[in-house]
Ligand code: ADP
């Protein structure tokens, strides 16, 4: 079985082709600058990468190019596009309808179009990607895998905001949660690593990348998560503020003469590590500056680690216990400092890590101290593979 995974962004289209019988990636790549030029990188294990400037006016041309490369004599891995058994699409937002991965038909597309107002950044490109695939691969099943669907079983009192109830019923303002595919993947991997059924485990997964979120997974079901109506809620991120007092918004608007869109832009693109440090949204740069004694960089790192700590404490309380913490994504997988700061002074909750194991961790690793009640794991995430596994169920 061969599954193509597509992740369409506003000006990009990432792809990964799997042979699901062996689990190997046959080819992967990224089309960038769609609509304003175009550039493709195409990789096949064991071969030289192919990279080229090419005119990509829309997602249709990008997908045509990808499909052409996949069957080309020089760079291809397939003899025909018909060898692709199904396409899995990463879709950030499934609204209230999609509680699990689903076959995409006209009705599904129509629903995704209705929720563009609550998903204005990621919705339109995802729909474009799906439509391009449906046009160019007419008989191939298209499957939607939603970041939000992992959160579809969260109790209502944890997802409804304490604002007039009609704002939920009429405007769909509630917490949705994001990064669900990553949290689902690493929590399942954690159960595998611990050799226990996931149904018996209480796990907190920390996805720490450019965007960051924390999820409480009880018995394999997400019971709470840090992101909300948008990916803006939660801990400070690369450029996002995370949770702030909502009254700050109108106050900034009045004090600094900013429009609603301008404040949104500040909170989304100029805050977080970048806003506090004034240096960079890239965690590595901020950490280096903090280690060199830069006060604001140090402040940003402390705000981040303390934010994660608070979620771990509150989710342990919500689940009435904790068996494992998982660190994943760019920062969580690679940086021992944040793991060390987060897990410091958590003995009360039964969390103790082994600093040697922490600093030498590479790939999937158990960094817990031998006598730690709670296991602390580092697990590389693989959202694309999770999407491929879900898609396979429709073949
Ligand atoms: P995205 O959310 O865009 O998928 P990633 O998961 O790739 O992002 O995470 C990007 C973040 O990971 C950046 O802040 C980057 O500094 C950080 N990062 C990547 N590699 C390392 C590393 N070796 N050590 C520390 N941080 C890292």
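Residue numbers (the numbering used here): 27 to 421.
Where is the CB? At the ideal position from N, CA and C, for every residue including glycine.
Buried or exposed (CB count within 10 angstroms, at least 16 for buried), residue i
i           : result
residue 243 : buried
residue 410 : buried
residue 276 : exposed
residue 169 : buried
residue 257 : buried
residue 274 : exposed
residue 262 : buried
residue 195 : exposed
residue 419 : exposed
residue 140 : exposed
residue 197 : exposed
residue 323 : buried
residue 421 : exposed
residue 138 : buried
residue 281 : exposed
residue 127 : buried
residue 94  : exposed
residue 183 : exposed
residue 359 : buried
residue 156 : buried
residue 337 : buried
residue 238 : buried
residue 129 : exposed
Residue span of the alpha helix (DSSP H) that contains residue i, given as start and end
i           : result
residue 284 : First-last for residue 284: undefined, no H or E at that position.
residue 317 : 309 to 317
residue 407 : Where residue 407 is concerned, there is no enclosing alpha helix (DSSP H), given that its DSSP letter is neither H nor E.
residue 183 : 182 to 185
residue 211 : 206 to 220
First and last residue of the uninterrupted beta strand (DSSP E) at residue i
i           : result
residue 449 : Lying before the first or after the last residue shown, residue 449 is absent from the chain, which here runs from 27 to 421.
residue 43  : 39 to 45
residue 298 : First-last for residue 298: 298 to 303, but that is the alpha helix (DSSP H), not the beta strand (DSSP E).
residue 51  : 50 to 58
residue 404 : 401 to 404
residue 192 : Premise fails: residue 192 lies in the alpha helix (DSSP H), 191 to 197, not in any beta strand (DSSP E).
residue 66  : 65 to 69
residue 395 : It is not in any beta strand (DSSP E) - residue 395 carries neither H nor E in the DSSP assignment.
residue 77  : 76 to 79
Distance cut-off 8 Å: residue i Cβ against heavy atoms of the ligand ADP
i           : result
residue 355 : yes
residue 309 : yes
residue 173 : no
residue 108 : no
residue 418 : no
residue 237 : yes
residue 264 : yes
residue 360 : yes
residue 305 : no
residue 299 : yes
residue 220 : no
residue 313 : yes
In the stretch 95 to 168, which residue ranges form an unbroken beta strand (DSSP E) of at least 3 residues, counting only runs that do not cross its ends?
-> Taking 3 residues as the shortest admissible run, the stretch 95 to 168 contains the following complete beta strand (DSSP E) segments, listed from N- to C-terminal end: 112 to 117.
Taking the runs of the beta strand (DSSP E) that are 3 residues or longer, which of them lie wholly in the stretch 226 to 261?
-> List check, beta strand (DSSP E) in window: 228 to 234, 238 to 244, 247 to 251.
Are the stretch 145 to 159 and the stretch 213 to 224 touching, with three or more C-beta to C-beta distances below 8 Å?
-> With the rule of 3 Cβ pairs closer than 8 Å, the stretch 145 to 159 does not count as touching the stretch 213 to 224.
Three or more beta-carbon pairs under 8 Å between the stretch 41 to 52 and the stretch 395 to 409, yes or no?
-> As far as the Cβ criterion goes, the stretch 41 to 52 does not touch the stretch 395 to 409, which means the pair count is below three.
Are three or more beta carbon pairs between the stretch 267 to 282 and the stretch 388 to 395 nearer than 8 Å?
-> Fewer than three beta-carbon pairs drawn from the stretch 267 to 282 and the stretch 388 to 395 are found closer than 8 Å, and the two stretches are therefore not classed as touching.
Taking contact to mean at least 3 C-beta pairs separated by less than 8 Å, is the stretch 193 to 213 in contact with the stretch 299 to 309?
-> The stretch 193 to 213 vs the stretch 299 to 309: no contact.
Which runs of the beta strand (DSSP E), 3 residues or longer, sit entirely within the stretch 321 to 391?
-> If we require 3 residues or more, the beta strand (DSSP E) runs fully inside the stretch 321 to 391 come out as 350 to 354.
Stretch-stretch touch, CB-based, cutoff 8 Å, three pairs: the stretch 101 to 116 with the stretch 150 to 164 | They touch, by the three-pair rule.
Does the stretch 359 to 370 come close enough to the stretch 329 to 346 to have 3 or more Cβ pairs within less than 8 Å?
-> Contact check between the stretch 359 to 370 and the stretch 329 to 346: three or more CB pairs, one atom from each, fall below 8 Å, which counts as touching.
The stretch 346 to 361 / the stretch 299 to 306 touching (three or more Cβ pairs under 8 Å) | Touching, no, given that fewer than three Cβ pairs across the two stretches are closer than 8 Å.
Using 8 Å as the threshold, is the stretch 206 to 217 in touch with the stretch 162 to 177, meaning 3 or more CB pairs across them?
-> These segments touch.
So does the stretch 69 to 79 actually touch the stretch 90 to 107, counting three or more Cβ pairs closer than 8 Å?
-> Between the stretch 69 to 79 and the stretch 90 to 107 there are three or more C-beta pairs closer than 8 Å, enough to call the two in contact.
Are the stretch 159 to 167 and the stretch 86 to 96 in contact at 8 Å, needing three or more beta carbon pairs?
-> With a cut-off of 8 Å, the stretch 86 to 96 and the stretch 159 to 167 count as touching, because enough Cβ pairs lie within range.
Three or more C-beta pairs closer than 8 Å, one from the stretch 275 to 290 and one from the stretch 374 to 387: is that the case here?
-> In short, these stretches do not touch, since the Cβ pair count stays below three.
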